Every structure is written in structure tokens, then in C-alpha cells.
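Worksheet for the structure shown next.
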Amino acid sequence: MAEGEPKQKLSPADSQAVALAFIRALGAGARLPAAADQPDAYSALVRAILSSAAVSTSPGPRVSCTIAVSPAVTNGYNTLHGGAVAALAEAVGMACARAAAGDKEMFLGELSTAYLAAARLDVSF
């Protein structure tokens, strides 16, 4: 097919086969490692991404952290997975809330994330 020519439209069955092959290539259906079934696996994953974190309350509440992009939290494009970004935002947001309000029971009611650019594998920021 020459450049500029319209592409041939896939049949619904072919389109479904292509989509399923893509999803399987991403690892859908693969068994999770045993460590992922542990009660605190989510928190352990978030802690592993944060290579340093500091919380201070004086003179005002402040939370700072460094994030390391490792293979465990990348997507198929070798960039930081959006779900990991949201998990980190939640953890850091809760740390900010606790630094300001004290160690009270609280929860995050809603989180919305907008992405500006991808963070590549083996980068810290």
C-alpha cells in the first residue's frame, strides 16, 4: 500500500482479534506474583516507588518526595504507569492532609489526574 492511500478497514472479527492480541501482549491473563496477594501489597508497592520522602510540620505542613521509575511500575511504553502516578498522588496527598490535620482517620473521596508528559524508565524526579 502506497503512502497516502486509505487503509483497508478491518472486519469486526479481525478488529476483535487484533485488540485481544494487544491485551494479551500487555500481560492480561498472566498470574500475579505471590507477593501481590499479600494484605499490604499496595502500600509496599507505593513505598518502593518513593525513593525518599520527608514530612515536616514546622514552620508549616510540608511533604516532599523523590520518585524512582522502575520496571515494576512502567507500562508497555516503558514510562511510568498512570495508575502508579495516581497511587503516589493519593499517598502524598494523605501525607499532606495528616501533616496539616494531625493523625486523624480520613479518606480520599475523589482523585482526578491530568498528565502532561511521560516519565521514562530509570528516571528519578
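Position one of the sequence shown corresponds to residue 1 (the UniProt record's numbering), numbered consecutively onward. Heads up, the beta-carbon is just placed ideally off N, CA and C, and yes, glycines get one too. Keep in mind that this is a model prediction, so the values were computed, not measured.
Item: Less than 8 Å between the C-beta atoms of V85 and T113, yes or no?; Value: yes
Item: For V55, which three-state DSSP category applies?; Value: strand
Item: Mind listing, in chain order, the continuous beta strand (DSSP E) runs of no fewer than 3 residues lying wholly within the stretch 30-93?; Value: 50-56, 62-67
Item: Rank S64, V63, H81 by C-alpha distance to the C-alpha of P71 and give the top, closest one.; Value: H81
Item: Helix, strand or coil for S11 per DSSP?; Value: coil
Item: Please report the straight-line C-alpha distance between S52 and K7, rounded to a whole angstrom.; Value: 49 Å
Item: Buried or exposed: which applies to I23, given that a residue is buried once 16 or more other Cβ atoms fall within 10 Å of its Cβ?; Value: exposed
Item: Using only CA atoms, which one of S11, L10, A54, S43 lies nearest to E90?; Value: S43
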